[in-house]
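Worksheet: the structure to be examined is printed underneath.
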DNA sequence: TATGTTGTTCTCAGATCGAGATTTACTCTA
DNA sequence: TAGAGTAAATCTCGATCTGAGAACAACATA
């Protein structure tokens, strides 16, 4: 039998129904705190509970496209938002994770600089940026696990990649970059050593030869402005100081 | 409407049919070369082409369970094989990646020490270990991409985790461990520095206070034997020498 | 017994690191 | 407007880590 004959006789409906969704763990930094985007579910199951934004993947839709669309529907951020970083986190498919049917959720993590307040989607769901340490202890489905995995991904990506530049504007100071690391890692860093290290990593940042218009809000000189370089990996890496204890 | 009423009225068959499969990139080391497990497809589509082992996820089956089962069916390796490491690689869901229907494939990578020759599965498919640099240029579906991603995952996991200990036996010499790195990374390492580094990383290996029975095949003293330690991350990491050029 | 191989340890100069101090330029308040 | 406080940027220094090579001892093979 050749492929054409085979496909003509193939009946997809003969198999038990399963569904595939995308869920997005979107991070942004607001008021020096790491925030995650959550929505309040407007329909069963788990109506009224907080959950990750997401939804079913369209029949002709690519996975990254579906993730970008779902995120756009919640935040109003244009799909082609220039500083948005979107990457696949993993797939969650425990048989009983959704009471409706067998649902596989492909989770994505999104990173972006201070995003606008979410607009309630067409389905009138409430959506909000929630500081990570104020997030509800329980989220719908297995979304608490997914958020935890997303945070861990963000933390380690900061170590080995220039991801931090996605959390700041087009031009930024070294101090702004350090604030990103301190916020996501949840620990303060040595300003002098951080400065030296960032500038010593090839391709991490490049100088714009300009400075801020004013000094800091509470004093201090004007800071030099940089933009993201062309490195895709940081070499050498910036390691979380507290990693040593987490090793085992 | 409460959850119970909602679920009673919910019809899963109302949605377009999709399928979820698992595909496994299984690596082992044979004759000082990295080998990947491939099967020749016995039925359409792409009948006769080489592909990754895998198959549909059972209706009540967890994803890791499905991956372990598929691997066991091809290799005869018991699901609970003591030194087998299995982890999720990513999900591939381009709409036209399978001509039959919309198929999402959750890919897993498996690492194990020299596995036995594969047994042809119940569906009489031919299965074989293929050296990575002799693998067919084209595999069925998007499996070439998946294998490439799996290799990259293996390479970077060697840097930051004690994964290499999964490729050797229960007890091993530092030289055997170095051979794993050299094989997967495809470059030779400085024996003395590698030795020093492995022993200096806390929890990577622990001594058994025994040595090999004989010296090496071509001479040399007996080597001390070690077993895997309890570290889950290597700190400091062992970095690929060639990474520096790959940075951008 | 001679030769070559290899596991293990040592050496040493250069790079990197953490912790702290210094200098300088700025904002704010008195 | 002078002084206090703050923060960017640079420097210092000892401890640690790194790569490259050498040394040495224990072994297999011829």
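Residue numbers (my numbering), protein chains in the order written: chain V, 1 to 248; chain F, 1001 to 1248.
Ideal Cβ placement from N, Cα and C applies to all residues, glycine included.
This structure is a prediction, so every number in the text was calculated from the model and none was measured.
- Query: Listed in chain order, which residues of the segment 1084-1099 of chain F have Cβ atoms closer than 7 Å to some Cβ of chain V?
  - Reply: For the segment 1084-1099 of chain F, the set of residues with a beta-carbon nearer than 7 Å to any beta-carbon of chain V comprises 1088, 1090, 1091, 1093, 1094, 1095, 1099, in chain order.
- Is residue 110 (chain V) near residue 159 (chain V), with beta carbons less than 8 Å apart? no
- Message: Suppose you measure from the CA of residue 1166 (chain F) to the CA of residue 1219 (chain F); what does that come to, to the nearest Å?
- Response: 27 Å
- Quick one: grab the DSSP three-state call for residue 1206 (chain F). strand
- Query: Which one of V:215, V:190, V:228 has the shortest CA to CA distance from residue 202 (chain V)?
  - Reply: V:228
- Does residue 1062 (chain F) come within less than 8 Å of chain V when only Cβ atoms are used? yes
- Query: Taking a cut of 9 Å between CB atoms, which residues from the segment 214-243 of chain V lie near chain F?
  - Reply: 229, 230, 231, 232, 233, 234, 235, 236, 237, 239, 243
- Query: Looking at the unbroken alpha helix (DSSP H) that takes in residue 157 (chain V), where does it start and where does it end?
  - Reply: 143-160
- Item | Whole-angstrom C-beta distance between residue 1107 (chain F) and residue 1089 (chain F), which should lie under 8 Å | Separation of the CB atoms of residue 1089 (chain F) and residue 1107 (chain F) is rounded to 4 Å, and the pair is thereby assigned contact status at 8 Å.
- Grab me the residues of residue 221 (chain V)'s own chain with a C-beta within less than 8 Å of its C-beta, minus the 5 sequence neighbours each way, in chain order. 215
- Message: Our contact map puts residue 75 (chain V) next to residue 116 (chain V) with C-beta atoms below 8 Å; I'd like the distance itself, whole angstroms only.
- Response: 7 Å
- Message: Considering just the uninterrupted stretch of the alpha helix (DSSP H) at residue 1192 (chain F), what are its terminal residues?
- Response: For residue 1192 (chain F), the enclosing alpha helix (DSSP H) begins and ends at 1191-1200.
- Mind listing the chain V neighbours of residue 1036 (chain F)? Cutoff is C-beta to C-beta under 9 Å, in chain order. In chain order: nothing, as chain V lies at least about 22 Å away.
- Task: Use the C-beta contact count for residue 60 (chain V): other C-beta atoms within 10 angstroms, 16 or more gives buried, fewer gives exposed.
- Result: exposed
- Considering only C-alpha positions, which residue in the set F:1187, F:1223, F:1168 is nearest to residue 1084 (chain F)? F:1168
- Task: Just tell me which of F:1206, F:1046, F:1093, F:1020 has its CA closest to the CA of residue 1066 (chain F).
- Result: F:1020
- How far does the beta strand (DSSP E) with residue 1131 (chain F) in it reach, from first residue to last? Taken as a continuous stretch (DSSP letters only), the beta strand (DSSP E) holding residue 1131 (chain F) covers 1126-1131.
- Query: Between the Cα of residue 173 (chain V) and the Cα atoms of V:212, V:192, V:162, V:140, which residue gives the shortest distance?
  - Reply: V:212
- Which residues DSSP lists as bridging residue 1086 (chain F), in chain order: F:1110
- Item | residue 248 (chain V), DSSP secondary structure in three states | Caution applies to residue 248 (chain V), whose pLDDT of 49 falls short of 50 and renders its modelled position unreliable; the value that the coordinates give is listed next. Residue 248 (chain V): coil per DSSP, three-state reduction.
- Just confirm the distance between the C-beta atoms of residue 1053 (chain F) and residue 1034 (chain F), as a whole number of angstroms; I'd bet it's less than 8 Å. Contact flag wrong, Cβ pair sits at about 17 Å.
- In chain order, what residues of the same chain have a beta carbon less than 7 Å from the beta carbon of residue 1242 (chain F), not counting five sequence neighbours either side? 1187
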